[in-house]
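For what it's worth, the working numbering labels the leading residue of the sequence shown as 34, then goes sequentially. Ideal Cβ positions, reconstructed from N, Cα and C, are used throughout, including at glycine. Working notes, structure below.
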Amino acid sequence: MKNIGVILAGGSGSRFGADKPKQFIRVAGKKIIEHTIEVFQECKGIDEIAVVTHAGYIEEVEDLINQAGFSKVKKVLNGGTTRNDSSLSAINAYAQEYDADQVNLIFHDAVRPFLSEQILQDIFEAMEKYDAIDVAIPSTDTIIEVENDLIRNIPDRSYLMNGQTPQAFRLSVIKKAYDVALKDPKFKATDDCGVVKKYLPGVPIFVVKGDESNLKITYGLDLFVSDKVFQLKHKKSTVVDPALLAGKVVVVFGGNEGIGKEVAGICEREGAQVACFSRRLNGVDICDKEKVGEALDQTHKAFGRIDYVVNSAAILKQQPLALMDYDTVGQLLDINLKGAVNVAKESFRYLKESQGQLLFYTSSSYTRGRANYCLYSATKAAIVNLTQGLAEEWREFDIRVNCINPERTETPMRVKNFGIEPEGSLLKAETVGKASVNVLLHDYTGQTIYVKNMEAK
């Protein structure tokens, strides 16, 4: 069977309250629809993708597909005024194919960008036995039936589930259901499983377990939540052969110790040309934009290009803000934030030339300020926002900007502030270094990549 992912992107965004449909809003460096298509593009079980959208956005979708290199997208179809019309557009398009009897259509909302590979795999497995599949999670809220503003009934919640997408069907089955439905003058349905259930009641619809993170972005609040989910989620990167670093030129600010030193070491061992800079190593303070500029210029003249710039330079001072002197406040802000800005601005022209990547580091404390080092946490939250904003600004130049978010890591800076901690409770700097190098070799941008300590208990 041929599995075709159908991305339904025909929504107007009226409930979202934005000038543009929500699927075209940018989150974590990409448009929401782009994140969604990417899931299907990367899934080995998907053979082809079709996108159904409003006529006024077909050109924008086509441009997005071309820029992102989504090779599996074979059709961009004009959607209708309703969800059912959009589904029909895909059904009719594939019903004309010579191999229509060997096609499964897997319909998915464009505004559900967090679809997991596991859900798709479960759908593929279920389709070996069933011709219609839904995805749902148990309802956590009490559902009430209301008539004239009064409760009419309260169904037993143990039988209720919240529907999600994808919904998958053998093409011949979903087409037959719609053929029957369209003869009904009172036809009305909110999803495709509803059409099969009503008009082909003899066809069993199997329910695959969904996931709470498979969110649908419908309202403005959902956009806020999705942004945080993108920041917090563990980006499960496929491991890339580090030998691809051979011949690349890597600049590491903060490369004299800790994570920066590990990144530099890995890159050197894999054949990259590496230039390390720090205050202690060679007097390069990232607070000084002239020094940063000179370091980059020196590297470019020596090797003819700069492919990656890594900034791991940062400081942590444990002290309540009310007791911290202003010199220390200024030092924290200058190194952790202004320094990162200096590195970004001075790196731009070199990364534009090489279509390279800028890599920052945040901290697990950025999602929630910590007492006694709230200023450090605040600067690390700013780094995440800087990463996302720059990824959007520099996208047109093909410069990638990402950020590593490691759990607590054993570095000289950590030991200086927290002393010796229990064995196994901290990540090794080498582990974060390997994850960092892996990110350098990937093509995504605007991502905060979480590096988890698998040994912690």
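1. Which runs of the alpha helix (DSSP H) fall wholly inside the segment 273-309 and span at least 4 residues, in chain order?
2. Excluding five sequence neighbours on each side, which residues of the same chain lie with their C-beta closer than 7 Å to the C-beta of ASP330?
3. When burial is assigned at 16 or more other CB atoms within 10 Å of the CB, is ARG433 buried or exposed?
4. If you check the beta carbons only, do ILE156 and ALA123 fall under 9 Å apart?
5. Note down, in chain order, each residue of its chain lying with its Cβ closer than 7 Å to the Cβ of ASP431, except the 5 sequence neighbours on either side.
6. Is the CB-CB distance between SER345 and GLY287 below 9 Å?
7. Name, in chain order, the residues that DSSP records as bridge partners for GLY196.
8. Relative to the alpha-carbon of ASN438, which residue among VAL470, SER398 and GLU429 has its alpha-carbon at the smallest distance?
9. Return yes when the Cβ of ASN36 is within less than 9 Å of the Cβ of ILE166, no when it is not.
10. Under three-state DSSP, which class holds ILE239?
11. Exposed or buried, which one is ARG190 when buried takes at least 16 other CB atoms within 10 Å?
12. Select from LYS55, ALA42, LEU121 and VAL60 the residue whose C-alpha is nearest the C-alpha of GLU95.
13. Taking all protein chains shown into account, do 16 or more other C-beta atoms lie within 10 angstroms of the C-beta of GLY89, making it buried, or fewer, making it exposed?
14. I need the DSSP call for HIS333, collapsed to helix, strand or coil.
15. Counting C-beta neighbours from all protein chains within 10 Å, is the total for GLY337 16 or more, i.e. buried, or is it exposed?
16. Please classify GLY2 as buried or exposed, where buried requires at least 16 neighbouring CB atoms within 10 angstroms.
17. Among LEU356, ILE368, ASP358 and LEU277, whose alpha-carbon lies nearest the alpha-carbon of ASP340?
18. Among GLN129, LYS378 and ALA133, which residue has its Cα nearest to the Cα of THR420?
19. Short check: CB of ASP244 to CB of PHE310, under 9 Å?
20. Helix, strand or coil for GLY326? Go by DSSP, reduced to three states.
21. Please decide whether LEU41 counts as near chain C, where near means a Cβ-Cβ distance under 9 Å.
22. Figure out for me which residue from VAL240, ILE170 and ARG185 has the closest Cα to the Cα of ILE177.
23. With a 10 Å radius around its C-beta and 16 neighbouring C-beta atoms as the bar for buried, classify PHE263 as buried or exposed.
24. Skipping 5 residues on each side, what residues in its chain have a beta carbon closer than 7 Å to that of PRO445?
25. Just to confirm before moving on: does the CB-CB distance between VAL85 and GLY112 stay below 9 Å?
26. Are ASP217 and ASN117 closer than 9 Å when you measure CB to CB?
27. What is the rounded straight-line gap between the Cα of ALA510 and the Cα of ILE368?
28. Answer with buried or exposed for ARG145, where buried requires no fewer than 16 other C-beta atoms within 10 angstroms of its C-beta.
29. Would you decide whether TYR252 is buried or exposed? Buried here means 16 or more other CB atoms lie within 10 Å of its CB.
30. Distance, Cα to Cα, LEU384 vs VAL342?
31. Measuring CA to CA, which of SER469, ILE482 and TYR477 is closest to VAL283?
32. What residue does the beta strand (DSSP E) around GLY89 start on, and which one ends it?
33. Is CYS491 helix, strand or coil when you go by DSSP?
34. For ILE250, which residues in the same chain have their Cβ closer than 7 Å to its Cβ, ignoring the five residues on either side in sequence?
35. Give a yes or no on whether the C-beta atoms belonging to VAL317 and GLU301 are separated by under 9 Å.
36. Kindly indicate which residue of THR412, GLN151, GLU161 and LYS105 has the alpha-carbon position closest to the one of PRO199.
With the given structure in hand:
1. Qualifying alpha helix (DSSP H) stretches, in chain order: 291-302.
2. Cβ within range, chain order: n/a, list empty.
3. It is buried - the Cβ of ARG433 has at least 16 other Cβ atoms within 10 Å.
4. no
5. GLN388
6. yes
7. ALA169
8. SER398
9. no
10. Note on residue identity: the sequence assigns Phe, not Ile, to residue 239. Shown here, PHE239 sits in a strand according to DSSP, grouped into three states.
11. ARG190 should be labelled exposed.
12. ALA42
13. exposed
14. helix
15. exposed
16. Residue 2 is absent from the model: the chain starts at 34 and stops at 490.
17. Residue nearest to ASP340 within the set LEU356, ILE368, ASP358 and LEU277 is LEU277 (criterion: CA-CA distance).
18. LYS378
19. no
20. If DSSP states are grouped into helix, strand and coil, GLY326 belongs with the helices.
21. Of the chains in the structure shown, none is chain C; there is only one protein chain.
22. ARG185
23. By the Cβ-count criterion, PHE263 is buried, with 16 or more other Cβ atoms from all chains shown falling within 10 Å of its own Cβ.
24. GLU290 and GLY291
25. yes
26. no
27. The question about residue 510 has no answer here: the residues shown for the chain are numbered 34 through 490.
28. buried
29. exposed
30. Each residue's alpha carbon lies about 8 Å from the other.
31. In terms of CA proximity to VAL283, SER469 leads the group SER469, ILE482 and TYR477.
32. For GLY89, no beta strand (DSSP E) segment is defined, and its DSSP state is neither H nor E.
33. Because the chain spans 34 through 490 in this model, residue 491 falls outside it and cannot be assessed.
34. Hits under 7 Å: LYS55, ILE65, VAL144, LEU256 and SER259.
35. No, the pair does not count as a contact, with Cβ atoms beyond the cut-off.
36. Among THR412, GLN151, GLU161 and LYS105, the Cα nearest to that of PRO199 is on GLN151.
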